[in-house]
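S.K.: Quick one: this structure, given as structure tokens, is what I'll be asking you about.
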Amino acid sequence: MVSIECFFVLSALLFFIGVFGFITRRNLLAMLISVELILNSVDLNFAAFNRILYPGQLEGFFFTLFSIGISAAESAVAIAIIINVYRNYNSDQVNSIKNMKN
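Positions 2 to 103 (the working numbering) are the ones given, in order, by the sequence shown.
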């Protein structure tokens with residue numbers, strides 16, 4: 002049986018790797034993957050806290066499924082935007098979006 006602390010440590014690692022990747026990368030796709038890592042750490046926390054606080058109920062797991070659905074929709078929209086930026090500017094760097102303001 003895996004202890005709850007292991008889930009929290011894994012969640013914290015996922016969160017900090019995601020934040021580090023989002024801050025250091027200038028590639029739009031890498032930034033999207035970093036945001037997904039952050040959202041996955043939140044999902045893991047939902048499931049772990051549900052296991053601690055309400056062991057016989059499934060509210061945390063339903064929140065996790067809802068969050069996964071929202072993440073999938075967010076990813077689809079973000080990838081569509083990234084593809085559009087790449088078609089217009091032939092680059093997937095953050096600097097390409099700054100050119101859209103002009």
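Cβ atoms here follow ideal geometry from the backbone N, Cα and C, with glycine treated the same way.
Quick one: Cα of Val10 to Cα of Tyr55, how far?
M.R.: Taking the sequence shown and counting its residues from 1, the one referred to as residue 10 is at position 9. Taking the sequence shown and counting its residues from 1, the one referred to as residue 55 is at position 54. The alpha-carbon atoms of Val10 and Tyr55 are separated by roughly 20 Å.
S.K.: Just to confirm my understanding: we take Asn41, look at its own chain, exclude 5 residues before and 5 after, and list those with CB closer than 7 Å. What are they?
M.R.: To locate residue 41, count along the sequence shown from 1; it is residue 40. Only Leu15 meet the Cβ criterion.
S.K.: Go ahead and pull the three-state DSSP assignment for Asn91.
M.R.: Translated into the one-based positions of the sequence shown, residue 91 becomes position 90. Here Asn91 sits in coil by DSSP.
S.K.: Quick check on the burial criterion: 16 or more other C-beta atoms within 10 angstroms. Buried or exposed for Asn46?
M.R.: What you label residue 46 is simply residue 45 of the sequence shown in a count that begins at 1. The residue in question, Asn46, is buried, as its Cβ has 16 or more Cβ neighbours within 10 Å.
S.K.: What distance in whole Å lies between the Cβ atoms of Arg27 and Val95, which are believed to be in contact at a cut-off of 8 Å?
M.R.: On the sequence shown, position 94 is the one that residue 95 refers to. On the sequence shown, position 26 is the one that residue 27 refers to. Yes, they are in contact, since the Cβ atoms of Val95 and Arg27 sit about 5 Å apart, within 8 Å.
S.K.: Among the residues of its own chain, which have a CB less than 6 Å from the CB of Tyr87, if the five just before and after it don't count?
M.R.: As a working mapping, residue 87 is identified with position 86 in the sequence shown. Here the set comprises Asp93.
S.K.: Grab me the residues of Glu1's own chain with a C-beta within less than 8 Å of its C-beta, minus the 5 sequence neighbours each way, in chain order.
M.R.: Only positions 2 to 103 of the chain appear in the structure, and residue 1 is not among them; the question remains open.
S.K.: Can you find the residues in the same chain that come closer than 8 Å, C-beta to C-beta, to Ser76, ignoring five residues on each side of it along the sequence?
M.R.: Position 75 of the sequence shown, counted from the first residue, corresponds to residue 76. So the list reads Leu33, Glu37, once near-sequence residues are dropped.
S.K.: Do you know offhand how far Ile24's Cα is from Ile5's?
M.R.: Translated into the one-based positions of the sequence shown, residue 24 becomes position 23. Translated into the one-based positions of the sequence shown, residue 5 becomes position 4. Approximately 29 Å between the Cα atoms of the pair.
S.K.: Taking Cβ to Cβ, would you say Gly57 is nearer than 7 Å to Ser35?
M.R.: On the sequence shown, position 56 is the one that residue 57 refers to. On the sequence shown, position 34 is the one that residue 35 refers to. Contact flag unset, no.
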